[in-house]
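Numbering (the working numbering), first residue to last: 52 to 162.
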Amino acid sequence: MNVRLMSKHFPQLAERPEKEQAAILQQAHERAYAPERKLAHWRGNVISLVWICAVSLFIALVAGPALGLGRPVTGGVIMVVVLPIFMILRHRQYVAQLRPEVDAILARTGD
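#1: Taking the CB atoms as reference points, tell me whether residue 75 and residue 156 lie closer together than 8 Å.
#2: Give a yes or no on contact between the segment 78 to 87 and the segment 140 to 159, applying the rule of three or more CB pairs nearer than 8 Å.
#3: DSSP three-state call for residue 145: helix, strand or coil?
#4: DSSP state of residue 71, grouped into three classes?
#5: Using C-beta distances below 8 Å, list every residue in its chain close to residue 153, excluding the 5 sequence neighbours before and after it, in chain order.
#6: What would DSSP say about residue 137, mapped onto helix, strand or coil?
#7: In angstroms, rounded to a whole number, what distance separates the CA positions of residue 121 and residue 89?
#8: Considering only their Cβ atoms, is the gap separating residue 125 from residue 139 smaller than 8 Å?
#9: Note down the Cα distance separating residue 69 from residue 52, rounded to an integer number of angstroms.
#10: Could you give the DSSP three-state label for residue 126: helix, strand or coil?
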């Protein structure tokens, strides 16, 4: 995990040394993705897969032909627009899952 990139999402870690930030973020990741939460994460991943497939198929089968776009252009729209949006949303979900764990770790350490 790149601590510098992740630390911008957690300003409460800014005054701590980088090694401590890395340790807190790693511990938060382990707590957020603990085995007892595996089913919920699996379900979320499947739902995300269904959404991205549905949007991609809609663009490829309905929107592309309706707008008169060729298959290569429609595929390019999916790759340039849909997939990056999906990755950004998944990253936001990841940070949202880490945030309460980071707050709990900081509260436990008394800061």
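Cβ atoms here follow ideal geometry from the backbone N, Cα and C, with glycine treated the same way.
Since we're looking at a predicted model, the values are computed, not measured.
Short version:
#1: Locating residue 75 in the sequence shown gives position 24, counting from the first residue. Locating residue 156 in the sequence shown gives position 105, counting from the first residue. Inclusion of residue 75 and residue 156 in the CB contact set at 8 Å is warranted, their separation being smaller than that value.
#2: With a cut-off of 8 Å, the segment 140 to 159 and the segment 78 to 87 count as touching, because enough Cβ pairs lie within range.
#3: To locate residue 145, count along the sequence shown from 1; it is residue 94. The three-state secondary structure of residue 145, taken from DSSP, is helix.
#4: Residue 71 sits at position 20 when you count from the first residue of the sequence shown. Here residue 71 sits in helix by DSSP.
#5: Along the sequence shown, read from residue 1 onward, the residue named residue 153 stands at position 102. When the five nearest sequence neighbours on each side are left out, the beta carbons in the same chain lying within less than 8 Å of the beta carbon of residue 153 are those of 61, 63, 64, 75, 76 and 79, in order along the chain.
#6: Locating residue 137 in the sequence shown gives position 86, where the first residue counts as 1. Here residue 137 sits in helix by DSSP.
#7: For this step, residue 121 is matched to residue 70 along the sequence shown. For this step, residue 89 is matched to residue 38 along the sequence shown. Going by the C-alpha atoms only, they are around 41 Å apart.
#8: Locating residue 139 in the sequence shown gives position 88, counting from the first residue. Locating residue 125 in the sequence shown gives position 74, counting from the first residue. Contact flag unset, no.
#9: For the purposes of this step, residue 69 is identified with residue 18 of the sequence shown, where counting begins at 1. For the purposes of this step, residue 52 is identified with residue 1 of the sequence shown, where counting begins at 1. Residue 52 has its alpha-carbon roughly 12 Å from the corresponding atom of residue 69.
#10: The sequence position of residue 126 within the sequence shown is 75, counting from 1. In the structure shown, residue 126 sits in a helix (DSSP, three-state: H, G or I).
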